[in-house]
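Residue numbers for the sequence shown follow this note's numbering, so the first one is 168 and each next one is one higher.
Where a beta carbon is used, it is the ideal one built from N, C-alpha and C, also for glycine.
Below: one structure, written as structure tokens.
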Amino acid sequence: MSGMLTTEQLLRAIDELAAAALPRWGLAGAELKLINHSENWTYRVTPRGTARPVILRVHREGYHSVDGIRSELAWMRALQSQAGVKTPQAIPGTDGADIQTVAHPALATPRNCVLFEFIDGTEPPQDNLIPPFRQLGEVTARCHNHSETWTRPPYFERLSWDFEHSLGKTANWGAWQDGPDCTPDRARLLQRAVDLMEKRLTAFGQARNRYGLIHADFRLANLLVHNGDVRVIDFDDCGLGWFLYDAASAVSFFEDRADVPELMEAWKEGYRRQRALPKTDDDELWTFILLRRMTLFAWMGSHAETDLARTEGPGYSTGTCELAERYLSQYS
């Protein structure tokens, strides 16, 4: 079963499952190339002949239900049709279903698979991040405006990114105390910051203009620019949370960099082109930056086998503690 497989055996099983899924879309024999594995397995599929490539996502076990995936795809469709936010659209299988559930003899449970259209675009360049952060802020605001007014389908089901599901006892990504190099001294410092965040977030509240359906991973890596047009990809973590969590996710993995305040000013400038950002919300921004940082800290502890955790993890604890100390001195 999958829990007993080596990494190589699991990779081979998922590759075989992905190939077995392709006939569900009439793509038997198409070329498969794994392009990303952090949570799900994402493949570039090149059909025979001159057809455009497409993207196959093989979902990991136990993260989203079928209704949860349906809800993600429904919001992506609605954002494109109603809010003018270009997103990759799911391609139904030959039976008309967006989600195809495929089994493999080596895996304990079948995996849900979704095929997406391939959309053109490149990640914004890293050499001058101010203009991309303005773009990111603006498109985030458009998503939030839509989120606030969208009528969710009756089957709607997504994760929550409130305090309890981020850093509490039912955290989506595991206990933050299991983060990399979390020594007892560091844990005591971080616990003080977590307690302060919980207090401030309770006071901040979940009013409709502050809390709703969010992307929850709104990084530049999930933004594509094509001929000046901005597209948004990877809604896999989308769920119910504070809108400012999307602002915080813009600086994921480099929250402690010296230019973050400047980048966030650019983000806010773009955001305010489309949506109000009251001073009371702006004043709480670093609560959300630390909330996101601590949530990623937990993710690294529960995903220690991933390339991202292996490369980012060693220094992540130090930076997280520095942020926590700064936060405590600013907000206590």
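Residue j beta carbon less than 8 Å from that of residue i
| i | j | result |
| --- | --- | --- |
| ALA471 | TRP343 | no |
| PHE385 | ASP413 | yes |
| ARG325 | SER238 | yes |
| ALA250 | HIS313 | yes |
| LEU246 | CYS310 | yes |
| LEU296 | TRP192 | no |
| ARG215 | PHE285 | no |
| SER333 | LEU407 | no |
| LEU194 | ASP182 | no |
| GLY480 | PRO347 | yes |
| ARG398 | GLY288 | yes |
| LEU189 | ALA197 | yes |
| ALA388 | TYR494 | no |
| LEU380 | TRP242 | yes |
| PRO299 | ILE400 | no |
| GLU228 | THR276 | yes |
| LYS253 | ASP404 | no |
| ASP345 | SER499 | no |
| ALA264 | LEU240 | no |
Secondary structure of residue i, DSSP reduced to three states
| i | result |
| --- | --- |
| TYR483 | helix |
| ALA245 | helix |
| LEU240 | helix |
| GLY379 | strand |
| ALA338 | coil |
| ALA180 | helix |
| CYS349 | coil |
| MET171 | helix |
| PHE371 | helix |
| ALA443 | coil |
| ARG359 | helix |
| ALA471 | coil |
| SER499 | coil |
| ASP384 | coil |
| LEU463 | helix |
| ALA491 | helix |
Proximity winner among the options, relative to residue i (alpha-carbon distances)
| i | options | result |
| --- | --- | --- |
| ARG367 | ARG244, GLU451, LEU201 | GLU451 |
| ALA270 | ASP345, GLY379, LEU184, GLY341 | LEU184 |
| GLN358 | ASP396, VAL392, THR307, LEU458 | LEU458 |
| TYR210 | THR217, VAL225, GLY196 | VAL225 |
| GLU422 | LEU444, ASN389, GLY235, TRP453 | TRP453 |
| GLU429 | ARG301, THR174, SER469 | ARG301 |
| ARG377 | ARG244, ILE400, GLN176, GLU315 | GLU315 |
| ASP449 | PHE410, GLU228, ARG477 | PHE410 |
| HIS335 | PHE323, GLN497, ASP294, MET461 | Residue 335 is actually Gly in this sequence, not His. With distances taken between Cα atoms, GLY335 lies closest to MET461. |
| GLY260 | SER499, ALA273, THR268 | THR268 |
| CYS349 | GLY486, ILE266, LYS435, THR174 | GLY486 |
| CYS488 | HIS393, GLU436, ARG355 | ARG355 |
| GLU175 | PRO291, ALA273, PRO277, PHE330 | ALA273 |
| SER484 | SER499, GLU331, LEU463, TRP317 | LEU463 |
| GLN497 | ASP403, GLY395, LEU363 | LEU363 |
| SER232 | SER469, TYR322, THR337, THR213 | TYR322 |
| HIS204 | LEU177, ARG244, HIS393 | LEU177 |
| ALA161 | MET171, ALA417, THR478, ALA476 | In the structure displayed, the chain extends from 168 to 499; residue 161 sits before or after that span and is not available. |
| THR369 | ASN394, ARG353, ASP329, ASN339 | ASP329 |
| GLY235 | LEU201, PRO320, ALA187, ASP262 | PRO320 |
| GLU492 | ARG278, VAL212, ARG353 | ARG353 |
| GLN293 | ASP262, ARG442, ALA476, ASP426 | ASP426 |
Beta-bridge pairing of residue i - partner residues as DSSP gives them
| i | result |
| --- | --- |
| TRP453 | Answer is none; TRP453 lacks a bridge partner. |
| SER327 | LEU407 |
| LYS253 | ARG398 |
Closer than 7 Å: residue i CB and nearest the ligand MN heavy atom
| i | result |
| --- | --- |
| PRO320 | Ligands in the displayed structure: none, and consequently the ligand MN is not present. |
My parser needs the alpha helix (DSSP H) runs of 4 or more residues fully inside the segment 259 to 322; what are they?
297 to 316
Contained beta strand (DSSP E) runs [length at least 3] in the segment 389 to 426, N- to C-terminal order:
390 to 393, 396 to 399, 406 to 409
What are the complete beta strand (DSSP E) segments, minimum 3 residues, inside the segment 185 to 231?
198 to 204, 208 to 213, 221 to 225
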